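Since the structure comes first, as structure tokens, the remarks are kept for the end.
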Amino acid sequence: MSDAYEANTAALRNSIERMKQLPLMARELGQNFLSQERTYTEWPGWTDDFAREVRPVYERNNAYCLDTSTSLFEALDGLVSATLANLANIERTRSDSSERIREHQRRTEEALGGETGDGSGGRH
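My numbering numbers the first residue of the sequence shown as -17 and each following residue consecutively.
Structure follows, in structure tokens:
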């Protein structure tokens, strides 16, 4: 493992943009299920013995499918949010580090009386 802190923020941002489609796809999965399920709602019937036996299982299975879609959406949405937060942290760290380097360079130049600190002069 490298001791350097490196990140390709452009590639990460590009990946996040693609990742944003995943929760939407999960939500669409549930919507499509509901749309198609409505076609079959009547199949077990409502009042006969078969309906009383099958309909509770049918409805539990439908609820399970919708819950799975919702859970998948929430997980993927959380992943996108966490990755966005990570990107923000990386960019903030980069910005803070760059600012500290510039500040140190400025103070060093002032301490050396305007020298650039490039090794071409200064006090020994």
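For every residue, glycine included, the Cβ atom is placed at its ideal position computed from N, Cα and C. Computed from a predicted model, the values in this text were never measured in an experiment.
Query raised in the report: Under a three-way DSSP split, which group does TYR46 fall into?
Result: The residue you call residue 46 lines up with position 64 of the sequence shown. It is helical.
Requested in this report: For PRO5, I'd like the list of residues in its chain whose CB is within less than 6 Å of its CB, leaving aside the five on either flank, ordered along the chain.
Outcome: Numbered from its first residue, the sequence shown carries residue 5 at position 23. Result list for PRO5: PHE55, LEU58 and ASP59, in chain order.
Query - Contiguous alpha helix (DSSP H) assignments of at least 4 residues, all confined to the stretch 7 to 38 - result: none
Query - Simplified DSSP state of ASN(-10), which is helix, strand or coil - result: By 1-based counting over the sequence shown, the position of residue -10 is 8. Looking at ASN(-10) - three-state DSSP - the assignment turns out to be coil, as it is neither helix nor strand.
Requested in this report: Please name the residue in GLN3, GLN13 and ARG0 whose C-alpha comes closest to that of THR52.
Outcome: Counting from one through the sequence shown, the residue named residue 52 turns up at place 70. Selected option, being the one with the closest Cα: GLN13.
**Report entry** GLY60 (DSSP reduced to helix, strand or coil)
**Finding:** Within the sequence shown, numbered from 1, the residue matching residue 60 stands at position 78. In the structure shown, GLY60 sits in a helix (DSSP, three-state: H, G or I).
Query - DSSP three-state assignment for ASP(-15), whether helix, strand or coil - result: In the sequence shown, residue -15 corresponds to position 3, counting from 1. Correct three-state label for ASP(-15): coil.
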